[in-house]
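Numbering (numbering that gives the first Met the number 0), first residue to last: 0 to 101. Positions of the beta carbon are idealized from the N, C-alpha and C atoms, including for glycine.
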Amino acid sequence: MTSINERWTEARKKLGYTQLELSDVLSTPRPTLAGYERGANIPTRSIRAFSAICHVRESYLLNGDLPILEPEAEKTPVQKVMEEFNLPPVVADMLEEWLLLS
Numbered sequence: 000m001t002s003i004n005e006r007w008t009e010a011r012k013k014l015g016y017t018q019l020e021l022s023d024v025l026s027t028p029r030p031t032l033a034g035y036e037r038g039a040n041i042p043t044r045s046i047r048a049f050s051a052i053c054h055v056r057e058s059y060l061l062n063g064d065l066p067i068l069e070p071e072a073e074k075t076p077v078q079k080v081m082e083e084f085n086l087p088p089v090v091a092d093m094l095e096e097w098l099l100l101s
């Protein structure tokens, strides 16, 4: 049976993050994340942030339930266009309006 700390480390590695990169994503100091991985108590708010931002299932972190990652949500037509053409975020609102008119 793995610990929550080991599952945290496994999820971070599965996502391809270094501790430094994950600390930037979560706005948490790297030494704090290193402490989590060494066995320090992980606060609920950190578990929720990691889960929400990185799409890691909370039930995996807490209980070891598989799968590790939440399924990726279906992209909207606007998100697909934004991604395909690498458009700036300001364009999204205009695209939404255009789709409503058509």
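- Message: Comparing C-alpha positions only, which one of Glu-57, Leu-25, Val-77 sits nearest to Glu-69?
- Response: As a first step, residue 69 must be located in the sequence shown, where it is residue number 70. Measuring from the Cα of Glu-69, the nearest candidate turns out to be Glu-57.
- Task: Go through its chain and collect everything with a Cβ distance to Val-77's Cβ below 8 Å, but skip five positions before and after it.
- Result: As a first step, residue 77 must be located in the sequence shown, where it is residue number 78. Excluding sequence neighbours, Val-77 sits near Ala-91, Leu-94, Glu-95, Leu-98.
- Query: With which residues is Val-55 paired in a DSSP beta bridge?
  - Reply: For the purposes of this step, residue 55 is identified with residue 56 of the sequence shown, where counting begins at 1. Per DSSP, Leu-68.
- Message: Can you list, in chain order, the residues of its chain with a C-beta nearer than 8 Å to that of Gln-18? Leave out the 5 residues immediately preceding and following it.
- Response: Here residue 18 refers to the residue found at position 19 of the sequence shown. Contacts found: Arg-11, Arg-29, Leu-32, Ala-33, Glu-36.
- Query: What distance in whole Å lies between the Cβ atoms of Leu-25 and Phe-49, which are believed to be in contact at a cut-off of 8 Å?
  - Reply: Position 50 of the sequence shown holds residue 49. Position 26 of the sequence shown holds residue 25. That belief holds up - the Cβ atoms of Phe-49 and Leu-25 are roughly 6 Å apart, short of 8 Å.
- Around the Cβ of Val-55, are there at least 16 other Cβ atoms within 10 angstroms (buried) or fewer (exposed)? As a working note, residue 55 is residue 56 in the sequence shown. Its Cβ being crowded by 16 or more others within 10 Å, Val-55 is buried.
- Message: I'd like to know whether the C-beta atoms of Gly-38 and Asn-4 end up nearer to each other than 7 Å.
- Response: Translated into the one-based positions of the sequence shown, residue 38 becomes position 39. Translated into the one-based positions of the sequence shown, residue 4 becomes position 5. Yes. Within cutoff.
- Task: Name the two residues that bound the continuous alpha helix (DSSP H) containing Gly-34.
- Result: Translated into the one-based positions of the sequence shown, residue 34 becomes position 35. Run containing Gly-34: 29–37, per the alpha helix (DSSP H) assignment.
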